[in-house]
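Have a look at the structure below, then the notes.
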Amino acid sequence: MKKCFTILLLLLAASWAPTRFVEPIPEGHTNITASLGGPLFDFVGTTIAMPLTSIAAGYGYSGSLTLFGGLHTTALMFDDLQLDLGALQELTKQDRLVPAISVSPIANILHAMRDGSSRLWPEADINFYWHYGANDLSSGNLVYVTSSNWFDFTSTRADNEPQTRHWFSNIAIGHRFEGTNWQYTTELKYLEAGIANTPNAVGYHGISGNGAFGIYLGITRKF
Amino acid sequence: MQRTLLFLMLLASSGCFNLDADLLNPGDKITSYYMADYTGAVDFHLDSSYTLPKNFVNVFTLQSQGIGEASPTTIYVAYLGDTTRIGTDSVIVYCHGYDHHMDFYYPRVQLLANVGSKNRYGVMMMDYRSFGLSHGTPTEEGLYADVDATVNWLKSKGLTGDRLILYGMSLGGAPATYLAANPRALPAQKLILESPFASTGSITGDATGLNIPASAVTTLKFDNAQEIKSVMQPFFWTSGLNDSFLNINTNGDVIFQNYQGAYGEAHRIPGADHSTVPQTWGFKNYSDSLLKFITR
Numbered sequence: 006m007k008k009c010f011t012i013l014l015l016l017l018a019a020s021w022a023p024t025r026f027v028e029p030i031p032e033g034h035t036n037i038t039a040s041l042g043g044p045l046f047d048f049v050g051t052t053i054a055m056p057l058t059s060i061a062a063g064y065g066y067s068g069s070l071t072l073f074g075g076l077h078t079t080a081l082m083f084d085d086l087q088l089d090l091g092a093l094q095e096l097t098k099q100d101r102l103v104p105a106i107s108v109s110p111i112a113n114i115l116h117a118m119r120d121g122s123s124r125l126w127p128e129a130d131i132n133f134y135w136h137y138g139a140n141d142l143s144s145g146n147l148v149y150v151t152s153s154n155w156f157d158f159t160s161t162r163a164d165n166e167p168q169t170r171h172w173f174s175n176i177a178i179g180h181r182f183e184g185t186n187w188q189y190t191t192e193l194k195y196l197e198a199g200i201a202n203t204p205n206a207v208g209y210h211g212i213s214g215n216g217a218f219g220i221y222l223g224i225t226r227k228f
Numbered sequence: 298m299q300r301t302l303l304f305l306m307l308l309a310s311s312g313c314f315n316l317d318a319d320l321l322n323p324g325d326k327i328t329s330y331y332m333a334d335y336t337g338a339v340d341f342h343l344d345s346s347y348t349l350p351k352n353f354v355n356v357f358t359l360q361s362q363g364i365g366e367a368s369p370t371t372i373y374v375a376y377l378g379d380t381t382r383i384g385t386d387s388v389i390v391y392c393h394g395y396d397h398h399m400d401f402y403y404p405r406v407q408l409l410a411n412v413g414s415k416n417r418y419g420v421m422m423m424d425y426r427s428f429g430l431s432h433g434t435p436t437e438e439g440l441y442a443d444v445d446a447t448v449n450w451l452k453s454k455g456l457t458g459d460r461l462i463l464y465g466m467s468l469g470g471a472p473a474t475y476l477a478a479n480p481r482a483l484p485a486q487k488l489i490l491e492s493p494f495a496s497t498g499s500i501t502g503d504a505t506g507l508n509i510p511a512s513a514v515t516t517l518k519f520d521n522a523q524e525i526k527s528v529m530q531p532f533f534w535t536s537g538l539n540d541s542f543l544n545i546n547t548n549g550d551v552i553f554q555n556y557q558g559a560y561g562e563a564h565r566i567p568g569a570d571h572s573t574v575p576q577t578w579g580f581k582n583y584s585d586s587l588l589k590f591i592t593r
């Protein structure tokens, strides 16, 4: 039972996509990203990262504001329309070792096409990022740390039980290799930090029985 | 590894998938039933005082046809006990959990057969379709139909509803609760649940913490928390307080709170995990509590 529920549940793991954008896209430009990865879990006697796929597009509305949307393609194959729609606003620029800071309000939408059930989870991210390896501090490769916060404001859950937890904190550390037309991103994410991962039908790998680690790869085409 | 590769291949292809069959597929195939002679891993072993006579262990097949199904499916069942007493004595129908097959659950059923005294109760179990050597594809309706086919066979041997006790362990709690609430071949006299889950929704919610609709992952509609509201028979529930698989607060407790019948008893066992209630509770304590409930 464990392994089967594991498969099913991880397919729509709502907070388990990589960080979409951490710095603004230049005004008038568009980036298209494809991502692969997910939380580490026990499956048939081994630990693997769930191969969840998603695509996202971002548009540089201004030099400091980017609008973006993501589609969870794996979930779509299982009759779930799962989207994340948001905006990224840069607050401060990098000053030597002092990181640039950006924030993202995001709406995470899940629509189960089997019966029309829908959910909306607001998300607020704050990103700290550093460019390195270039002469200026706005290009070159990039390292980032993201605090991603999900909110579930529903009052009840299945079986009319109270939804007792309303805030879910995720922390990500990532690296983006910058090419001329392409970007390549790797990200390690600690999901649902501080939340006990047992009892649970899914065999997660976290820290001292809390949360779950996830690994993600992304490739971005710059236009 | 084969399942992993298959799953990755599925992900790489296009189209809409439905993993309901996989949810009910144990993936643990055998070539023969051994019952007492089974040498594979089991949850616990019993000493020789629990041994059943060879002629008390009967494995055979039944035809199971669910509502809306065009043709019957062959399933394997086992009756442990003296078949000549089915017409006069109480019988426990044991609905096993997700993993494995009847051989794996034999010690549990052997324990039930000896509740009260040596070879006291007849116990019948079944491998749901696709489990063990049973044929077919697992479905929610198929699960109910397979248990009902077992009850129907007992009915043909003289069992009446006032002597039928349904026992559901983990996944088996779903057909046991459903058929206690919605009788088919026979109405059950009593219901016993060990380590039950509340609903598919409770499991999805527990897995992520978020209020995710169960319909996002499955068309299965198991809902013991609702079905138990229609169960008026006496009800016995036990779960382990250290259940690492199902949160007792959002599963067993919810079922027990929703029970609206005249008599219910709850046994939360300290230190017991999902599959270790009898052995952690102690075989004698477990058996004595069941006997008291069955004979009350």
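Chains A and B supply the protein sequences, listed in that same order. Positions in the first sequence are counted from 1; adding 5 to them yields my numbering. Positions in the second sequence are counted from 1; adding 297 to them yields my numbering. Cβ atoms here follow ideal geometry from the backbone N, Cα and C, with glycine treated the same way.
Report task. Could you name the residues of chain A that Ile566 of chain B contacts, counting a contact when the two beta carbons are closer than 7 Å? Result -> The contact set of Ile566 of chain B on chain A, defined by CB atoms closer than 7 Å, is empty, because the minimum CB distance reaches about 14 Å.
Query - Contact under 9 Å by Cβ, Leu468 of chain B with Gln486 of chain B - result: With contacts defined as CB atoms closer than 9 Å, Leu468 of chain B and Gln486 of chain B fail to qualify as a contacting pair.
Query - For Ser499 of chain B and Val108 of chain A, the rounded distance between their alpha carbons - result: Rounded to whole angstroms, Val108 of chain A to Ser499 of chain B spans 33 Å at the Cα level.
Requested in this report: Using beta-carbon positions only, say whether Ser492 of chain B and Phe542 of chain B come within less than 9 Å of one another.
Outcome: Taking 9 Å as the cut-off, the beta carbon of Ser492 of chain B is found closer than this to the beta carbon of Phe542 of chain B.
Query - Within 9 Å, strictly: CB atoms of Gly429 of chain B and Asp400 of chain B - result: It is a contact, given that the beta carbons lie within the stated cut-off.
Requested in this report: Drop a sphere of 10 angstroms on the beta-carbon of Asn184 of chain A, count the other beta-carbons inside from all chains shown, and report buried for 16 or more, exposed for fewer.
Outcome: The sequence as given places Gly at residue 184 of chain A; Asn does not occur at that position. That one is exposed.
Query raised in the report: Taking the alpha carbon of Arg124 of chain A as the point to measure from, which residue in A:Thr79, A:Asp141, A:Gln87 has its own alpha carbon closest?
Result: Nearest option by C-alpha distance: A:Gln87.
Query raised in the report: If you count every other CB in all the chains shown that lies within 10 Å of the CB of Glu95 of chain A, and 16 or more means buried, which is it?
Result: Buried.
Report task. Would you list, in sequence order, the uninterrupted alpha helix (DSSP H) runs of no fewer than 4 residues that lie entirely inside the stretch 498-566 of chain B? Result -> Runs found: 521-524, 549-555.
Query raised in the report: Taking contact to mean at least 3 C-beta pairs separated by less than 8 Å, is the stretch 432-450 of chain B in contact with the stretch 349-369 of chain B?
Result: In short, these stretches touch, since the Cβ pair count reaches three.
Query raised in the report: At least one CB of chain A closer than 9 Å to the CB of Ala477 of chain B: is that the case?
Result: No, because no Cβ of chain A sits closer than 9 Å to the Cβ of Ala477 of chain B.
Query - Within chain A, partners of Asn508 of chain B - CB distance below 7 Å - result: Under the 7 Å cutoff, chain A gives Arg124, Asp157, Thr159, Arg162, Gln168.
**Report entry** Bridge partners - Ala112 of chain A, DSSP secondary structure assignment
**Finding:** Note: Ala112 of chain A sits in a beta bridge opposite A:Leu90, A:Pro127.
Report task. Taking only the alpha-carbon atoms, compute the straight-line gap between Ala61 of chain A and Asn154 of chain A and give it to the nearest angstrom. Result -> The C-alpha of Ala61 of chain A lies about 19 Å from the C-alpha of Asn154 of chain A.
Report task. Take Leu456 of chain B and list the residues in its own chain whose beta-carbon comes closer than 6 Å to its own, dropping the five residues that flank it on each side. Result -> Cβ neighbours of Leu456 of chain B beyond the five flanking positions: Ile383, Val388.
Query - Coil, strand or helix - Ser584 of chain B by DSSP - result: DSSP places Ser584 of chain B in the helix class (H, G or I) of the three-state scheme.
Report task. Run the CB neighbour count on Ser345 of chain B, radius 10 Å, all protein chains shown included, and call it buried at 16 or more, exposed below. Result -> Classification of Ser345 of chain B: exposed, given that the 10 Å Cβ count is below 16.
Report task. Could you spell out where the beta strand (DSSP E) holding Phe401 of chain B opens and where it closes? Result -> No beta strand (DSSP E) contains Phe401 of chain B, which is instead part of the alpha helix (DSSP H) from 399-410.
Query raised in the report: So, is the C-beta of Asn411 of chain B closer than 9 Å to a C-beta in chain A?
Result: No, Asn411 of chain B does not count as interfacial toward chain A.
Query - Simplified DSSP state of Leu15 of chain A, which is helix, strand or coil - result: The pLDDT assigned to Leu15 of chain A is 49, lower than 50, so where the model puts this residue is not dependable, and the model offers no usable value.
Query raised in the report: Should Gln523 of chain B be flagged as near chain A, meaning a C-beta pair shorter than 9 Å?
Result: It does: the Cβ of Gln523 of chain B has a partner Cβ on chain A nearer than 9 Å.
Report task. Return the chain-ordered list of same chain residues with a C-beta closer than 6 Å to the C-beta of Leu72 of chain A, the five sequence neighbours on each side being excluded. Result -> Hits under 6 Å: Tyr64, Tyr66, Ala92.
Query raised in the report: Ile60 of chain A CB to nearest chain B CB: under 9 Å?
Result: False, the Cβ-Cβ gap to chain B never drops below 9 Å.
Query - Exposure label - Thr161 of chain A; buried when at least 16 CB within 10 Å - result: Answer is exposed; the Cβ neighbour count stays below 16.
Report task. Decide yes or no for the touch test of the stretch 527-534 of chain B against the stretch 127-147 of chain A: beta carbon pairs closer than 8 Å, at least 3 of them. Result -> Short answer: they don't touch.
Query raised in the report: When you compare each of A:Leu90, A:Ala112, A:Gly214, A:Asp84 to Met118 of chain A by their alpha carbons, which one comes out closest?
Result: Of the candidates A:Leu90, A:Ala112, A:Gly214, A:Asp84, A:Asp84 places its Cα closest to the Cα of Met118 of chain A.
Query raised in the report: By Cβ distance, which residues of its chain are closer than 8 Å to Asn555 of chain B, with the 5 residues on each side in sequence left out?
Result: Contacts found: Ala522, Gln523, Ile525, Lys526.
Query raised in the report: Looking at chain B, which residues of the stretch 87-116 of chain A have a Cβ within less than 9 Å of any of its Cβ atoms?
Result: Considering only beta carbons, the part of the stretch 87-116 of chain A lying closer than 9 Å to chain B consists of Gln87, Leu115, His116, in chain order.
Query raised in the report: Which residues of chain D have a Cβ atom closer than 8 Å to the Cβ of Val551 of chain B, listed in chain order?
Result: In summary, chain D is missing from the structure at hand, where the protein chains are A and B.
**Report entry** Through-space distance from Ala442 of chain B to Ala367 of chain B, alpha-carbon basis
**Finding:** Distance between the alpha carbons of Ala367 of chain B and Ala442 of chain B: 13 Å.
Query - Cβ pair Ile212 of chain A, Arg170 of chain A closer than 9 Å - result: Not a contact, by the Cβ cut-off of 9 Å.
Query - Contained beta strand (DSSP E) runs [length at least 3] in the stretch 136-164 of chain A, N- to C-terminal order - result: Segments of the beta strand (DSSP E) lying fully in the stretch 136-164 of chain A: 146-156.
**Report entry** Three-state secondary structure assigned by DSSP to Tyr189 of chain A
**Finding:** Three-state result, Tyr189 of chain A: strand.
Query raised in the report: Does the distance from the CB of Tyr402 of chain B to the CB of Gly413 of chain B come in under 9 Å?
Result: Between Tyr402 of chain B and Gly413 of chain B, the C-beta spacing is not below 9 Å.
**Report entry** Cβ shell of Leu408 of chain B (< 8 Å), same chain only, five flanking positions each side left out
**Finding:** Closer than 8 Å at Cβ, skipping near neighbours: Leu343, Tyr347, Pro575, Phe580, Tyr583, Ser584.
Report task. Quick one: using the 10 Å Cβ neighbour count with 16 as the cut-off for buried, is Tyr560 of chain B buried or exposed? Result -> Exposed: under 16 other Cβ atoms inside 10 Å.
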